[in-house]
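Working notes, beginning with the structure itself.
Residue numbers (the UniProt record's numbering): 1 to 128.
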């Protein structure tokens, strides 16, 4: 392991992570930046399959129960970082919502219910 002090990466980090990065609380292992304080805190992702896996786990998994965009952003923020992560999370959540809207059941809409007048004698109204 080596301490990562890359100035170009530091400029890309959001304000939340910048202070911790400057204090040296991260380490670089196989090109992936880890937080020293938390055991499973993966911060820098450049592989699209890993990013999609994280988005799936935080939005689509059974535990995530398709959280809204703001809650998904909060969950991703606690453990991950990659360039343009907020945009990716927003697009992922919006794509799912568009998918749900596009796949709604088709068919005729239900009509307005109108109360039928009650007949006063037998066989007074015989039509439908």
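Note that CB positions come from ideal geometry on N, CA and C, so glycine has one too. Computed from a predicted model, the values in this text were never measured in an experiment.
Environment of residue 116 [buried if 16+ CB atoms lie within 10 Å]:
A residue is called buried when at least 16 other Cβ atoms come within 10 angstroms of its Cβ; residue 116 does not meet this threshold and is exposed.
According to DSSP, is residue 85 helix, strand or coil?
Under the three-state reduction of DSSP, residue 85 is assigned to helix.
Applying the criterion that 16 or more other CB atoms from any shown protein chain within 10 Å of the CB defines a buried residue, is residue 65 buried or exposed?
So residue 65 ends up on the exposed side.
To the nearest angstrom, how far is it from the Cα of residue 24 to the Cα of residue 77?
Here the C-alpha atom of residue 24 lies approximately 19 Å from the C-alpha atom of residue 77.
Quick check on this structure: which residue in 54, 69, 62 has the alpha carbon closest to the alpha carbon of residue 81?
The shortest Cα separation from residue 81 among 54, 69, 62 belongs to 54.
What is the DSSP secondary structure of residue 90, counted as helix, strand or coil?
The answer is helix: DSSP assigns residue 90 an H, G or I state.
Beta carbon of residue 72, beta carbon of residue 56: below 7 Å?
Against a cut-off of 7 Å, the Cβ pair of residue 56 and residue 72 comes out as no contact.
To the nearest whole angstrom, what separates the beta carbons of residue 69 and residue 93, a pair I think is in contact under 8 Å?
With 8 Å as the limit, residue 69 and residue 93 qualify as a contact, their Cβ atoms being about 4 Å apart.
Measuring only the C-alpha atoms, how far is residue 90 from residue 19?
Taken atom to atom, the span from the alpha-carbon of residue 90 to that of residue 19 is near 25 Å.
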